[in-house]
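J.: In terms of my numbering, the sequence shown opens at residue 31 and continues consecutively.
Ideal Cβ placement from N, Cα and C applies to all residues, glycine included.
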Amino acid sequence: MLDGWVMPLEARWELPVVASALKRLSSFARVISFDKRGVGLSDRVAFAFGSTLEEWTDDVATVMRAVGSERAVVFGHHDGGWPAMLFAAAHPERASHLVLVNTTARIARDEENQWGIPPDLFGSPADLIGTYGAAQGMVLVPDELRAWWSRARRHQASPSTFVSLMELQWQVDLRWVLPTINLPTLVVHSAENTFWRVGHGRYLAEHIDGATLVEVPGTDHHWQLGDTGPVVEEVEAFVTGTRPAPVSDRVLATVLFTDIVGSTPRVTAMGDRPWGDLLDRYEAAVRNEITRHKGREIFTKGDEFLVTFDGPARAVRCAQAIAETAASFDLAVRSGVHTGEVELRGDDVAGIAVHIGARVMSAAQPGEILVSRTVTDLTAGSGLRFEDRGQHALKGVENEWQLFAVM
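(1) Is the segment 129–137 close to the segment 90–98, with three or more CB pairs under 8 Å?
(2) Taking the Cβ atom as the reference point for each residue, do Ser220 and Asp250 lie within a distance shorter than 8 Å?
(3) Rounded to whole angstroms, what is the Cα-Cα separation between Arg273 and Asp65?
(4) Check Glu263 in the structure and name its three-state DSSP category.
(5) Less than 8 Å separating the beta-carbons of Ser412 and Ala362?
(6) Restricting to runs no shorter than 4 residues, where is the alpha helix (DSSP H) found entirely within the segment 307–367?
(7) Report yes if the C-beta distance between Glu264 and Leu234 is below 8 Å; otherwise report no.
(8) By Cβ distance below 8 Å, which residues in the same chain neighbour Phe79 in space, the five residues on each side in sequence not counted?
(9) On the DSSP bridge assignment, give the partners of Asp203 in chain order.
(10) Residues bridged to Ile147 by DSSP?
(11) I'd like the span of the beta strand (DSSP E) that includes Ala119, first residue to last.
(12) For Trp86, count neighbouring C-beta atoms within 10 Å of its own C-beta (all shown protein chains included) and say buried if the count is 16 or more, exposed if not.
(13) Give me the Cα-Cα distance between Val69 and Ala314, rounded to the nearest whole angstrom.
(14) With a CB to CB cut of under 7 Å and the five nearest residues on each side skipped, what residues in its chain are close to Glu319?
(15) Express the C-alpha separation of Val372 and Trp112 in angstroms, rounding to a whole number.
(16) Spatial neighbours of Trp438 within its chain, please: CB distance less than 8 Å, with the 5 preceding and 5 following residues excluded, ordered by chain position.
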């Protein structure tokens, strides 16, 4: 897997969305990846147009030998597409398939390449330095992901290396290579790619004999940072001959929110270090209860826990156990429990059900566990007892909600 230089090998697993894409690829294939020579964890080198592309291509064979891979599917994204194409053309005995995602044979615009980038937009080295670390090719992504991306780019290459890479990219023209590729080839391109327009992908598919073109929805150039599902599904179908069964990213779950009440006065009275020690012991005890009740901790933020369960009765009993644990530390917690459909986002969850669970907790008094009507309906016959607390307006949620206290 030859990624663009802008996706550092070392930092890929830090982002749940990227880690999820890699895990999905590895569910049907062995994923071999490396930082190309000159960037990331690889040694720095002086960049020169011809020698660099040749070295990058040679490095593919070197890495394959090092990991004991005789033949592989070659996957190229961004500038990783160039050594991928060259390797596929020169070593068809080592490559079974070629996959090209959001890449190009030629960046610069000319008479044949009308979708390329106009030369006057390239800029001088001084102009390029001004874009060093910028989150280019990213449109519909959160601000925190943009910040990670900019930081990763700065770690991946020094300013001078960045300029050399940009100048190298501007010189590349591999259109002559395309007719020499004689492998099953899949070209995937974001239909509304705002960085390298979809014309680049169409050109590749038209000039590689027998290539299949798939235009996936999306605007962002970096496929790992958006909706990775369509790309992974197309790759799996192309490589294995079997299209994966749809995997829902929405599931029914019970969310439990807990929060320590009155923590600020306690910190003031105890001091930071004693409070920190107490909080560490409390959190360890809470995690024991989460494990015992088969919950999944989503996050701990400040004094707050978010935990999910596949059954509401276990969630309520876990909330009761956490309340008893808190009391043993002379702490008071409030808890909220709600069951609904949640959206899975890597190791995180989202959706209106999560929002409702947080608002149910906010309505609880110190030491109280409040649940929604959905929870009481689903736990009928469980032996749990509830007391009606009436209708509540939950901030940001339509209509009033009937809440119940666990007795």
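T.: Let me lay it out:
(1) Below 8 Å, too few C-beta pairs join the segment 129–137 and the segment 90–98 to call them touching: fewer than three.
(2) Taking the C-beta atoms as reference points, Asp250 is found nearer than 8 Å to Ser220.
(3) 30 Å
(4) helix
(5) no
(6) 342–358
(7) It is not a contact, given that the beta carbons lie outside the stated cut-off.
(8) In this predicted model, Phe79 has a pLDDT of only 47, less than 50, meaning its place in the structure is not dependable; the value taken from the coordinates is given anyway. Around Phe79: Leu198, Gln201, Val202.
(9) Answer by DSSP bridge pairing, in chain order: Arg136.
(10) Note: Ile147 sits in a beta bridge opposite Ala138.
(11) DSSP places Ala119 in no beta strand (DSSP E) but in the uninterrupted alpha helix (DSSP H) bounded by 111–120.
(12) Trp86 should be labelled buried.
(13) 41 Å
(14) Cys348, Ala351, Ile352, Thr355
(15) 41 Å
(16) Any property of residue 438 remains undetermined from this structure, which presents the chain solely from 31 to 437.
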